[in-house]
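Step one of this worksheet: look at the structure below.
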Amino acid sequence: MTAIPSKVLVMRVLSRTFLVAFAVAAALPGTPALAAAPATACDTPPSRRISEVQGSGDASPLAGQSVTVEGIVTGDFQRGDQLSGFFLQDPKPDADPKTSEGLFAYARDTFKDVAAGDRVLVTGKVTEYNGWTELSPVTAVDVCGTGSVAAQPYKLPDDGRESVENMLLTFPQPLTVSEHYNLGRYGEVTVSSGGRLFQPTDRPGVDAALNKRRSLLIDDGSGRENPATLPPIVRTGDLAAGITGVLGYGFGTYRLQPTKPISYHNTNPRTPRPFPVIGNVKVASFNTLNWFTTLGSRGATNAVEQQRQLAKLVAALKGLNADAVGLMEVENNGQTALQTLVDAVNAEVGAGTYAALQHPYPGTDAIQVAVIYKPAKLTPVGAPQASQDAVFSRPPLIQTFRRKAGGQPFTMVVNHLKSKGTCPADGPDADQGDGQSCWNATRVKQAQALLGLVKDLPNPVVLGDLNAYGEEDPIHTLEAGGLTSLTKRFVPAPQRYSYLFDGLAGELDHALVGRQLLKRVTSATIWHINSDEPRILDYNTEYNPASLYKPDAFRASDHDPLIIGLTLPGR
5 MTAIPSKVLV MRVLSRTFLV AFAVAAALPG TPALAAAPAT ACDTPPSRRI SEVQGSGDAS
65 PLAGQSVTVE GIVTGDFQRG DQLSGFFLQD PKPDADPKTS EGLFAYARDT FKDVAAGDRV
125 LVTGKVTEYN GWTELSPVTA VDVCGTGSVA AQPYKLPDDG RESVENMLLT FPQPLTVSEH
185 YNLGRYGEVT VSSGGRLFQP TDRPGVDAAL NKRRSLLIDD GSGRENPATL PPIVRTGDLA
245 AGITGVLGYG FGTYRLQPTK PISYHNTNPR TPRPFPVIGN VKVASFNTLN WFTTLGSRGA
305 TNAVEQQRQL AKLVAALKGL NADAVGLMEV ENNGQTALQT LVDAVNAEVG AGTYAALQHP
365 YPGTDAIQVA VIYKPAKLTP VGAPQASQDA VFSRPPLIQT FRRKAGGQPF TMVVNHLKSK
425 GTCPADGPDA DQGDGQSCWN ATRVKQAQAL LGLVKDLPNP VVLGDLNAYG EEDPIHTLEA
485 GGLTSLTKRF VPAPQRYSYL FDGLAGELDH ALVGRQLLKR VTSATIWHIN SDEPRILDYN
545 TEYNPASLYK PDAFRASDHD PLIIGLTLPG R
């Protein structure tokens with residue numbers, strides 16, 4: 005047995021003696037108790053569950069009260085260039101399916117940095133911030149361990165999202181990209197179930213309320229404008245899969261903040277040329293989106309933008325390769341803007357390939373309609389004509405053509421009817437709430453005037469931007485007057501759109517013909533080079549990264565061109 009040093013033995017004896025003496029003293033009456041270890045913030049129980057804060061209605065029943073809640077962090081967006089807060093969720097849901105288990109805490113990273121998976125106690129004031137239930141201001145954040153919350157499977161269409169506000173969701177279904185207008189500006193993309201969304205007034209069977217239930221806005225977790233890091237550059241019609249994130253709210257709509265990357269699939273690929281149309285004459289319609297040679301007005305703001313815009317328009321016209329093209333939104337400055345465009349196209353395709361008509365009465369609006377054509381293929385019959393009816397703010401341009409080889413003539417009637425913007429407050433042209441927006445009464449009058457114009461013209465084709473969707477009153481007026489929509493006749497319904505507004509696709513650009521010419525129409529198509537493309541790819545230099553610009557046809561405008569094929573008899 006090894007001997008124990010006397011110093012150690014003495015210390016052990018003294019220690020034991022001290023412990024025994026302390027125990028005896030502690031048992032004696034009147035002896036002060038040993039102070040307990042100080043309690044931490046994590047030992048404080050929450051005053052409310054998250055579901056109690058959310059309540060079963062649209063607004064919190066505890067709004068204005070200070071509460072302490074406990075949950076697992078599901079999404080961390082605390083940086084000042086993000087949402088300045090984080091999402092937390094109760095891992096043990098209550099029994100009421102109407103109450104959400106998630107909450108947003110408006111707490112910057114300077115207050116307390118957290119990470120997804122942290123178990124936190126958060127104290128703050130319950131606030132309804134423009135319809136978003138959150139804690140703001142937050143007065144305490146304590147990390148008390150870790151945990152996990154499984155993303156709840158969620159499907160569209162749904163019956164309301166208040167019950168899952170601020171919760172971690174995953175979407176098992178593939179969803180279709182239906183809007184990307186703010187992709188570059190705010191990092192937003194809208195997706196929808198059951199394919200793309202269409203305007204209710206564009207075709208039968210579209211339910212506006214169902215459109216909203218089918219759609220979901222995907223945000224980028226920030227309030228930044230023109231973020232340096234962009235979501236993938238997608239086209240409408242592409243598919244998104246693996247969507248998982250927390251469901252926040254802002255600017256009047258629920259918005260999903262992704263917590264992991266989304267997989268986008270190119271299911272709507274670009275076509276470098278329009279689908280071929282059959283016939284010996286090709287006629288097209290194309291809204292140029294304000295082709296102006298006057299800088300700083302409606303089109304380009306500087307010379308660089310103007311050259312970028314011109315390059316894209318030339319690429320689009322080259323791709324169309326039509327024998328005659330009706331153009332809209334060309335600057336009304338005589339022949340200057342129009343001839344500049346023709347010269348640029350001819351520089352690419354060959355001198356003299358296209359010529360421009362001169363509008364005899366372009367009106368006083370800042371923009372005019374125009375026609376360019378191939379002299380080698382078509383011969384104008386008579387001089388260009390135009391209506392001087394005061395109902396037209398942009399008078400239509402009328403020109404009869406005959407094939408160079410002779411034969412049956414046809415007449416282009418190129419239009420740009422009254423737009424849906426700058427609504428009057430009252431009267432017949434105010435928005436009637438029927439989905440047709442404002443100035444509908446004027447567009448109907450313009451359609452009626454067009455019917456009067458075409459009745460004596462040889463084989464008219466009424467084409468252009470009519471600013472009316474396929475089932476709106478102006479189109480019905482033209483159809484009731486004996487004209488037939490060629491896109492309705494020849495273009496499959498899923499492809500029959502030329503414009504995208506507020507996530508809804510529809511056809512504003514039309515071509516309609518009478519009974520005789522209908523016998524000679526052999527095909528029609530719409531070239532989707534613009535409406536499917538995000539605006540960050542256009543010619544503008546403001547906000548658009550320079551590396552994204554290409555001098556191609558894609559996003560040359562905001563309207564898709566349409567092309568029809570005629571098979572006209574000749575000698």
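Quick note: the sequence shown uses this note's numbering, first residue 5, plus one each step.
Positions of the beta carbon are idealized from the N, C-alpha and C atoms, including for glycine.
All values reported here derive from a predicted model rather than from experimental measurement.
Is residue j closer than 7 angstroms to residue i when the C-beta atoms are compared?
i: residue 516; j: residue 503; result: no
i: residue 467; j: residue 330; result: yes
i: residue 526; j: residue 237; result: no
i: residue 536; j: residue 240; result: yes
i: residue 51; j: residue 71; result: yes
i: residue 286; j: residue 574; result: no
i: residue 403; j: residue 361; result: yes
i: residue 114; j: residue 127; result: no
i: residue 541; j: residue 524; result: no
i: residue 168; j: residue 251; result: yes
i: residue 145; j: residue 57; result: no
i: residue 529; j: residue 276; result: no
i: residue 392; j: residue 358; result: no
i: residue 451; j: residue 482; result: yes
i: residue 182; j: residue 160; result: no
i: residue 335; j: residue 545; result: no
i: residue 463; j: residue 499; result: no
i: residue 148; j: residue 112; result: no
i: residue 572; j: residue 412; result: yes
i: residue 75; j: residue 92; result: yes
i: residue 587; j: residue 215; result: In the structure displayed, the chain extends from 5 to 575; residue 587 sits before or after that span and is not available.
i: residue 506; j: residue 291; result: no
i: residue 90; j: residue 73; result: no
i: residue 418; j: residue 458; result: no
i: residue 438; j: residue 397; result: no
i: residue 441; j: residue 433; result: no
i: residue 326; j: residue 288; result: yes
Among the options, whose alpha-carbon lies nearest the alpha-carbon of residue i?
i: residue 118; options: 153, 107, 132 and 82; result: 82
i: residue 348; options: 381, 303, 232 and 311; result: 311
i: residue 217; options: 401, 197 and 75; result: 197
i: residue 105; options: 421, 67 and 97; result: 97
i: residue 428; options: 416, 444 and 202; result: 444
i: residue 567; options: 380, 521, 328 and 448; result: 328
i: residue 205; options: 520, 479 and 547; result: 479
i: residue 132; options: 565, 107 and 409; result: 107
i: residue 235; options: 260, 412 and 187; result: 187
i: residue 137; options: 112, 94 and 68; result: 68
i: residue 381; options: 398, 336 and 407; result: 407
i: residue 225; options: 260, 457, 564 and 139; result: 260
i: residue 343; options: 363, 265, 324 and 549; result: 363
i: residue 509; options: 269, 232, 174 and 562; result: 562
i: residue 493; options: 485, 295, 222 and 514; result: 514
i: residue 99; options: 109, 53, 121 and 65; result: 53
Whole-angstrom Cβ separation of residue i and residue j, contact assumed at under 8 angstroms?
i: residue 371; j: residue 346; result: Contact doesn't hold; Cβ gap of about 17 angstroms is too wide.
i: residue 421; j: residue 355; result: In fact, because the Cβ distance is near 35 angstroms, the residues do not count as touching under 8 angstroms.
i: residue 400; j: residue 390; result: 7 angstroms
i: residue 578; j: residue 157; result: Shown here, the chain extends from 5 to 575; a query on residue 578 therefore has no answer.
i: residue 405; j: residue 383; result: 7 angstroms
i: residue 340; j: residue 297; result: 5 angstroms
i: residue 373; j: residue 332; result: 5 angstroms
i: residue 61; j: residue 253; result: Actually they do not touch by this definition, with Cβ atoms about 15 angstroms apart.
Taking the beta strand (DSSP E) that residue i belongs to, which residues open and close that run?
i: residue 503; result: 503 to 505
i: residue 420; result: 414 to 420
i: residue 406; result: 401 to 407
i: residue 491; result: Segment 490 to 494 is the alpha helix (DSSP H) holding residue 491; no beta strand (DSSP E) there.
i: residue 383; result: 382 to 390
i: residue 262; result: 257 to 262
i: residue 533; result: No beta strand (DSSP E) holds residue 533; DSSP gives it neither H nor E.
i: residue 63; result: Where residue 63 is concerned, there is no enclosing beta strand (DSSP E), given that its DSSP letter is neither H nor E.
i: residue 568; result: 566 to 570
Which stretch, first to last residue, makes up the alpha helix (DSSP H) that contains residue i?
i: residue 56; result: 54 to 58
i: residue 370; result: Per DSSP, residue 370 belongs to no alpha helix (DSSP H) and is neither H nor E.
i: residue 190; result: 187 to 190
i: residue 456; result: 444 to 458
i: residue 519; result: 519 to 522
Query raised in the report: Fully enclosed by the stretch 280 to 326, which alpha helix (DSSP H) runs are 4 residues long or longer?
Result: Fully enclosed alpha helix (DSSP H) runs of 4 or longer: 307 to 324.
Query raised in the report: Curious, which full-length beta strand (DSSP E) runs of at least 3 residues does the stretch 327 to 359 contain?
Result: For the stretch 327 to 359, the continuous beta strand (DSSP E) assignments of 3+ residues that do not extend past its boundaries occur at 328 to 335, in sequence order.
Query raised in the report: At what residue ranges does the stretch 156 to 225 contain a whole run of the alpha helix (DSSP H), taking only runs of 4 or more?
Result: Taking only runs of at least 4 residues, the alpha helix (DSSP H) segments lying wholly in the stretch 156 to 225 are 187 to 190 and 212 to 218.
Query - Complete runs of the alpha helix (DSSP H) confined to the stretch 105 to 138 [at least 4 residues] - result: none
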